[in-house]
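Residues in the sequence shown are numbered consecutively from 1, following the working numbering.
Following: one structure in structure tokens, then a few remarks.
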Amino acid sequence: MKTSKIAGIILIATVSIAWLSCSKPEQSSTQKRYPISSIDIKNVILTDSFWLPKVKLIQDTTIKHAFEKCAEEGRMENFLIAGKTMEGKARGKMPFDDTDLYKTIEGASYSLISMPNPKLDAYLDSIISIIKIGQEPDGYLTTWFTIDRTSPPADWVKPSKERWENEITSHELYNSGHLFEAAAAHYWATGKRNLLDIALKNADLLVANFKPGHLQRPPGHQIVETGLIKLYDITHNEDYLKLSKYFIDLRGDSTTHPLYGAYYQDHEPVIDQSEAVGHAVRAEYLYAGMTDIAAIYHNPSYSKALDKIWDNTVNKKMYITGGVGARHDGEAFGDDFELPNLSAYGETCAAIGSVWWNQKMFMLSGDAKYYDIVERTLYNGLISGMSTDGKMFFYTNPLESDGKFQFNKGACTRQSWFDCSCCPTNMIRFIPSLAGLIYASKEDTVYANLFISSQAQLQSKNGKIKLSQQTGYPWRGNVTFTIEPEKKTKFTLQIRVPGWLRNEAVPGNLYAYVNAQPAEPSLSINGKKEKPQISNGYMTLTKEWEKGDVVELSLPMNIHKVMTNGPVADNKNKVAFERGPIVYCAEGIDNPNLSTLALPDDVSLQSKKKDLLGQSVNVLTGKIQNENLTLIPYYLWSNRGVGQMKVWLPQTEPKAKL
Numbered sequence: 001m002k003t004s005k006i007a008g009i010i011l012i013a014t015v016s017i018a019w020l021s022c023s024k025p026e027q028s029s030t031q032k033r034y035p036i037s038s039i040d041i042k043n044v045i046l047t048d049s050f051w052l053p054k055v056k057l058i059q060d061t062t063i064k065h066a067f068e069k070c071a072e073e074g075r076m077e078n079f080l081i082a083g084k085t086m087e088g089k090a091r092g093k094m095p096f097d098d099t100d101l102y103k104t105i106e107g108a109s110y111s112l113i114s115m116p117n118p119k120l121d122a123y124l125d126s127i128i129s130i131i132k133i134g135q136e137p138d139g140y141l142t143t144w145f146t147i148d149r150t151s152p153p154a155d156w157v158k159p160s161k162e163r164w165e166n167e168i169t170s171h172e173l174y175n176s177g178h179l180f181e182a183a184a185a186h187y188w189a190t191g192k193r194n195l196l197d198i199a200l201k202n203a204d205l206l207v208a209n210f211k212p213g214h215l216q217r218p219p220g221h222q223i224v225e226t227g228l229i230k231l232y233d234i235t236h237n238e239d240y241l242k243l244s245k246y247f248i249d250l251r252g253d254s255t256t257h258p259l260y261g262a263y264y265q266d267h268e269p270v271i272d273q274s275e276a277v278g279h280a281v282r283a284e285y286l287y288a289g290m291t292d293i294a295a296i297y298h299n300p301s302y303s304k305a306l307d308k309i310w311d312n313t314v315n316k317k318m319y320i321t322g323g324v325g326a327r328h329d330g331e332a333f334g335d336d337f338e339l340p341n342l343s344a345y346g347e348t349c350a351a352i353g354s355v356w357w358n359q360k361m362f363m364l365s366g367d368a369k370y371y372d373i374v375e376r377t378l379y380n381g382l383i384s385g386m387s388t389d390g391k392m393f394f395y396t397n398p399l400e401s402d403g404k405f406q407f408n409k410g411a412c413t414r415q416s417w418f419d420c421s422c423c424p425t426n427m428i429r430f431i432p433s434l435a436g437l438i439y440a441s442k443e444d445t446v447y448a449n450l451f452i453s454s455q456a457q458l459q460s461k462n463g464k465i466k467l468s469q470q471t472g473y474p475w476r477g478n479v480t481f482t483i484e485p486e487k488k489t490k491f492t493l494q495i496r497v498p499g500w501l502r503n504e505a506v507p508g509n510l511y512a513y514v515n516a517q518p519a520e521p522s523l524s525i526n527g528k529k530e531k532p533q534i535s536n537g538y539m540t541l542t543k544e545w546e547k548g549d550v551v552e553l554s555l556p557m558n559i560h561k562v563m564t565n566g567p568v569a570d571n572k573n574k575v576a577f578e579r580g581p582i583v584y585c586a587e588g589i590d591n592p593n594l595s596t597l598a599l600p601d602d603v604s605l606q607s608k609k610k611d612l613l614g615q616s617v618n619v620l621t622g623k624i625q626n627e628n629l630t631l632i633p634y635y636l637w638s639n640r641g642v643g644q645m646k647v648w649l650p651q652t653e654p655k656a657k658l
């Protein structure tokens, strides 16, 4: 079917949509069961000069781009063919193509919270009506399987006779998981039940089939676990929560199913796992689900396993950009310290999974180290996944390019779409939800974890509090908080002191600063300088706050030279550079001699403001043997064509002493 014909069907569906139930959604109850709660994104307004344009870019450009690509690639057609309103064979090359629509709907829904858009809202309803057509009467929903279960779209998926028979590769539960995530977001954003009812019907089908003595096999690709918990948050139906835990506990249990193996994190029970292994995205989604279960069930066995896996990841398997996943083969974690630069995988989806997992680990523990990872990943290995125009993407995010190795699914630079377009659509669903990462609360404590200009409405036991933040981050370290409680209120404001300011490149010991410099934040309250009390990565400010109180911070942003402590072969005798949360790289377009460049030990760099690709950013500049050296933020690389790039730069061999 032509794209124009699909557009006609969408238009008809839009006109014919009946009145939809619009009740006011409740705040996530899962958040309430964590010791610390994130602040609902409905109560946070972004005003930030760095992040708000990216949210607008998603809504104004990337969502439209994705829906157009979905139409071109037959994503909508598959639901119509499955529902027998069209004839044809399943289109697409992946068993999870349905999720491209789900994830785009999810991101569009979140964007409606910060930027209401009636046309987009109505368009989502029309797409949802098409999805409903593809759902079988009992709630089953995977279009390729409904169309022809004997002819999977990918040759690595086995034909099936029964539903979920080959779940190890069929992605039927993965499709359900993204449906649940999208339905929850759409309901929370709009109050409408049209997608939620589709999801609940599917979830009830899973509950009826997956249970001891019946279907006892875990998902081949995780995400249904967190999706079910979001449905539980909305409905309070404990069957969804129990099924989420059931799926997690099936892993490594050879008495219930033939084990899938370490690639699927199904080699031993999750509570016995201690190393990040296998497919990186599957793993990060599993760990996020495990953290939810650890919080809800207060299960120390889960927590101990998560701590071990986190330590292994951060100390032995994480790139300086926050990226994870070393191998193209299997999109997998490698061995300890296997972190190649040119052939690094660093999938965008894995970076997104890491942020979600680390945020949950913070809510469980209150430890600032998790937000050091969130921040590092956000500003580097995550937003590098999308171009400045919002239409080109990285599936993989290497730390080096020679301009020849086609690292990005057959290309040396960004692409507009992929046969497997999980990463573009994951960016769409992540960026508009960013506001939910900034603040958190616990009883009489408010956490400011990210420095992003915004306004937040908080609820303490003594009344409402409006907290406004203004900052020039990540380029400048000036931060101003204005506190406006409903009435004079005593509470504690915990402001995270970033690891880079504490001279910790990362929470573990994999990377370290060569030139660690003493630097402390300066603090004033209502114009009076105060000595900040710093403990466990936070400045702690406890007082009776009055309307109009102002807290001003200055976070000195020194340029740091970074070295690798562990035995990472590719980083031997090499250094990288950071300023604030930003990791820098050298591109060939700025440095024609990049292939032969070597830095002396005493190299001196300066930070300089520059307009680059329509953005005002800080670049690092210096001189190397009368040659200019320019380093740009890593997330901006490959927006100016194919070329060389390096994050880790070789040093000149030290001269022998006479």
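From the three backbone atoms N, C-alpha and C, an ideal C-beta is built for every residue, glycine too.
For ALA305, the enclosing alpha helix (DSSP H) has its first and last residue at 300–316. Judged by DSSP secondary structure, ALA440 falls within the beta strand (DSSP E) whose first and last residues are 439–442.
When beta bridges are read from the DSSP output, ARG496 appears opposite TYR538. If only complete runs of 4 or more residues are kept, the stretch 202–261 shows the alpha helix (DSSP H) at 224–235, 238–250, in order along the chain.
Under the three-state reduction of DSSP, ARG327 is assigned to strand. A straight-line Cα-Cα distance of about 6 angstroms links ILE271 and SER301. DSSP lists LYS490 as the bridge partner or partners of GLU544. Note that the stretch 315–323 does not touch the stretch 255–274; fewer than 3 beta-carbon pairs, one per stretch, sit closer than 8 angstroms. Using a C-beta cut-off of 8 angstroms, the stretch 265–280 makes contact with the stretch 333–345, since at least three inter-stretch Cβ pairs fall below that distance. Considering only SER616, ILE465, PRO532, VAL550, the residue with the shortest C-alpha distance to TRP475 is SER616. Rounded to whole angstroms, the separation of the alpha carbons of VAL497 and SER453 is 17 angstroms. The stretch 73–81 makes contact with the stretch 90–107, as at least three CB pairs between them are under 8 angstroms. Between LEU124 and LEU196, the alpha-carbon positions lie close to 13 angstroms from each other. The stretch 391–406 makes contact with the stretch 345–352, as at least three CB pairs between them are under 8 angstroms. Judged by DSSP in its simplified three-state form, VAL550 adopts strand.
Per DSSP, ASP402 lies in no alpha helix (DSSP H); the unbroken beta strand (DSSP E) holding it starts and ends at 400–402. In this structure, ASN591 keeps its C-beta atom at 8 angstroms or more from the C-beta atom of LEU599. Between SER607 and ARG579, the beta carbon gap of about 6 angstroms places them in contact (Cβ cut-off 8 angstroms). Taking the C-beta atoms as reference points, ILE198 is found nearer than 8 angstroms to ALA183. When the beta-carbon positions are compared, ASP292 and THR226 come within less than 8 angstroms of each other. Boundaries for ARG640: no beta strand (DSSP E) harbours it, and the DSSP string shows neither H nor E there. With contacts defined as CB atoms closer than 8 angstroms, ILE632 and TYR584 qualify as a contacting pair. In terms of Cβ geometry, LEU612 and VAL619 form a close pair [threshold 8 angstroms]. A straight line joining the alpha-carbon of TYR635 with that of MET645 spans about 12 angstroms. Within the DSSP secondary-structure output, GLU284 pairs in no beta bridge. If you look at ASP611, you'll find it in the beta strand (DSSP E) that goes 606–612.
Shown here for GLN406: same chain residues with a beta carbon closer than 8 angstroms to its own, the five before and five after excluded, namely CYS412 in chain order.
DSSP places TYR513 in the strand class (E or B) of the three-state scheme. For GLN651 and PHE145, the gap between their C-alpha atoms comes out near 55 angstroms. For PRO53, the uninterrupted alpha helix (DSSP H) segment begins and ends at 52–57. GLY177 sits in a helix when the DSSP states are folded into three classes. For the options LEU306, TYR240, ILE234, GLU238, the alpha carbon positioned closest to that of PRO269 is the one of LEU306.
Under the Cβ criterion (8 angstroms, minimum of three pairs), the stretch 48–61 counts as touching the stretch 106–122. The beta carbon of TRP356 is closer than 7 angstroms to those of ALA288 in its chain, skipping five residues each way along the sequence.
Across the structure, ASN515 and ARG376 are spaced so that their CA atoms are roughly 19 angstroms apart. Under the three-state reduction of DSSP output, GLN273 falls in the coil class, being neither helix nor strand.
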